[in-house]
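Asks: Quick note: the sequence shown, position 472, residue 471 per numbering that gives the first Met the number 0, numbers continuous.
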Amino acid sequence: MPQHLLLFLRPAADALRRVLKERTGMDIALSPKGAKGSITLAVDTALHGAEHYRVEVSKKGLTITGATPAAVFRGVMTLNQLLLADPHEAERGRIPAVKIDDAPRFALRALMIDPARNFLPVKDVKRFIEVMAKYKYNALQLHLTDDQGWRIALKSYPQLASPQSYSAADIREIVAYAAEHYIDVIPELDIPGHTAAFLSVYPELGCTHLRNAPIKVGETVNRMLCAANDTVYTVYNQILREVAALFPSPYIHLGGDEAAVPTNWEQCPRCRAMMEQKGYKRASQLMIPFFERILSSVRATGKKPIMWCELNNIYPPADDYLFPYPQDVTLVSWRGGLTPTCLSLTAQSGHKLIMAPGEHAYLDYPQMHHDLPEYNNWGMPITTLEQAYRFDPGYGRTAEAQAHVWGVMGTLWAEAMPDINRVTYMAYPRALALAEAGWTQMEHRDWADFTQRLYPNLDELMRLGISFRVPFELSGK
Ligand code: ACM
Ligand code: ZN
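Now the structure itself:
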């Protein structure tokens, strides 16, 4: 095997060693030399698809092969599941004889955490990564900026950083740890709304009529970056360059959601002048030139943009109906009720789509009535474990009409999550249901079977000290 592949296999080999030690007590030294032994990990380029792997256990030994080192690692996580399912046999060092040939339905399986609302220390983020990796998630989105905080300390604009934020060294530590689990860390800087923390430092970059209106960080004040101020673009160009250099991910998420256009752009003299100059009837159309400039900065970094698919500003369609996203933007469907529309629009337009519909994938919604954060949240709908499980990311559409779906993402918006314990409490076990929605073809999905396979995993989460929530009846509210 080429040396570089051996190097990239090291985290998979380390993971295998940990799994075997933890489940069977065997402490096995793994040699990188390709020596013949009873345990083999290897990249097999005859396999296709970035995460296609095979696990074979027979009298001769254990072999995990994958199309890539990441695929081998996913195979190791499957072995962990096999051993978890029968801990008594595993403790005796017995591994069931199996032949597994497996690959994910979707290339992207992501979770999003929100340290902007409530900061999450590096050690908590790492622990979160460790757990999500067990369920074959391959991306973590970090929502780094919002009204309640700017959580990344930048050299170019150090004043922006909230007292609790990630330094460059912190980011490197998170990214390196994620890489050991073959997880991509996608940074999100939310613009042009959700920018109160930014505007509390640079109020002159908000709309003109609001310059002297006070901003209190921590309150949602619905301020926006001014679309007609050149300095906004200069500053963000620099910020995006620095963030792009810190994160190896090919992607940057730019938000684009929930912008309070009527109280900002619509009433700003500069924005109004820009509307007139462009011949726009509605201030929300300024999203087009705003993101044109921002996206050219993103493209200059070599990264690919992702945005929340925001249909509320433009839907239901007006006479000047528009679907304004440039072709190279990957969209995330999220708004309750609008995912079928988003799926159809993007099928027509050819945009790549991530499925995070509120109905199934907003893991920050309560699982049942009377559960937190219903009390201190704002009346979010209920998403039961069963509802999370009954998520078909293709929404039952034809193969052609869902061919542009890239994957799934579960959100953990943290307004009502003061710490990592509440985050995992909301995430689990629904994130297990979502992981399966992202990985497994519909013909192999079965709710009753899932509930059975769930139990050893709940035991394991409890053993790990991961806070989670299960209702009295799994499908109940
Ligand atoms: C969102 O939930 N604001 C994307
Ligand atoms: Zn303005």
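Don't be surprised by glycine CBs; every beta carbon is placed ideally from N, CA and C. No experiment lies behind these values; they were computed from the predicted model shown.
(1) Residues in the same chain with beta-carbon distance under 7 Å from residue 393, minus the five sequence neighbours each way, listed in chain order, please.
(2) In the structure shown, what three-state DSSP assignment does residue 169 receive?
(3) Please look up how many angstroms separate the CB atoms of residue 199 and residue 216, rounded, as I've assumed it's under 8 Å.
(4) Can you determine whether any heavy atom of the ligand ZN sits closer than 6 Å to the C-beta of residue 227, and answer yes or no?
(5) What do you reckon, are the CB atoms on residue 55 and residue 98 nearer than 7 Å?
(6) Quick check: what's the CA-CA separation for residue 208 versus residue 444?
(7) Between the alpha carbons of residue 319 and residue 345, how many angstroms are there, rounded?
(8) At which residue ranges does the stretch 326-389 contain complete alpha helix (DSSP H) runs of 4 or more residues, listed in the order of the chain?
(9) Return helix, strand or coil for residue 109, following the three-state DSSP convention.
(10) Using a Cβ-based criterion (distance less than 6 Å to any ligand heavy atom), does residue 291 qualify as near the ligand ACM?
(11) Residue 73 to residue 362, Cα distance in whole Å?
(12) Taking the DSSP output, what are the residues bridged to residue 59?
(13) To the nearest angstrom, report how far apart residue 295 and residue 30 are at their CA atoms.
(14) What is the rounded straight-line gap between the Cα of residue 90 and the Cα of residue 47?
(15) Could you check if residue 414 belongs to the surroundings of the ligand ACM, using beta carbon to heavy atom distance under 6 Å?
(16) Looking at residue 222 and the ligand ZN, is the gap between the Cβ and the nearest heavy atom below 6 Å?
(17) Taking all protein chains shown into account, do 16 or more other C-beta atoms lie within 10 angstroms of the C-beta of residue 79, making it buried, or fewer, making it exposed?
(18) Is it the case that the stretch 218-234 contacts the stretch 247-255, given that we only count it when at least three CB pairs across the two stretches are under 8 Å?
(19) So, helix, strand or coil for residue 134, using DSSP?
(20) Under 7 Å, do residue 297 and residue 283 count as touching if we go by C-beta distance?
(21) Out of curiosity, what's the CA-to-CA distance linking residue 336 and residue 472?
(22) Within this structure, are the beta carbons of residue 204 and residue 224 separated by less than 7 Å?
(23) Check whether the Cβ atoms of residue 151 and residue 143 sit closer than 7 Å, and answer yes or no.
(24) Quick one: what does DSSP say residue 448 is sitting in, helix, strand or coil?
(25) In three-state terms, what does DSSP make of residue 458?
(26) With a threshold of 7 Å on Cβ separation, who are the neighbours of residue 14 within its own chain once the five nearest residues in sequence on each side are excluded?
(27) Evaluate the contact criterion for the stretch 126-134 versus the stretch 149-167: three or more CB pairs, one atom per stretch, below 8 Å.
(28) Less than 7 Å between C-beta atoms, sequence neighbours within five positions excluded: which residues of the same chain meet that for residue 7?
(29) Taking all protein chains shown into account, do 16 or more other C-beta atoms lie within 10 angstroms of the C-beta of residue 17, making it buried, or fewer, making it exposed?
(30) Please determine, among 238, 170, 306, 288, the residue with the shortest C-alpha to C-alpha distance to residue 246.
(31) Using only CA atoms, which one of 27, 82, 390 lies nearest to residue 441?
(32) Among all the DSSP beta bridges, which residues are the ones paired with residue 188?
(33) Is residue 469 helix, strand or coil when you go by DSSP?
(34) Mind checking whether residue 155 and residue 241 have CB atoms under 7 Å apart?
(35) Look at residue 305 and residue 329 and say whether their C-beta atoms are less than 7 Å apart.
(36) With a threshold of 6 Å, establish whether the CB of residue 256 neighbours any heavy atom of the ligand ACM.
Replies: Taking the coordinates as given:
(1) If we look at residue 393 and ignore the five residues flanking it on each side, its Cβ neighbours are 401, 404.
(2) When secondary structure is reduced to three states using DSSP, residue 169 falls in the helix class.
(3) 5 Å
(4) yes
(5) yes
(6) Computed Cα separation, rounded: 54 Å.
(7) Confidence at residue 319 is low in this model, with a pLDDT of 47, below 50, so its placement is unreliable and no value can be given for it.
(8) 338-348, 357-360, 384-388
(9) strand
(10) No.
(11) When rounded, the distance between both Cα atoms is 23 Å.
(12) DSSP output for residue 59 lists no bridge partner at all.
(13) 47 Å
(14) In this structure, the CA atom of residue 90 is about 34 Å from the CA atom of residue 47.
(15) no
(16) no
(17) buried
(18) no
(19) coil
(20) Cβ distance not < 7 Å, so residue 297 and residue 283 don't count as in contact.
(21) 27 Å
(22) Against a cut-off of 7 Å, the Cβ pair of residue 224 and residue 204 comes out as a contact.
(23) yes
(24) helix
(25) helix
(26) 72, 75
(27) A contact between stretches requires three or more CB pairs, one per stretch, nearer than 8 Å, and the stretch 126-134 fails this requirement with the stretch 149-167.
(28) 68
(29) So residue 17 ends up on the exposed side.
(30) 170
(31) For residue 441, the nearest C-alpha among the options comes from 390.
(32) 144
(33) coil
(34) yes
(35) At a Cβ-Cβ threshold of 7 Å, residue 305 and residue 329 count as neighbours.
(36) yes
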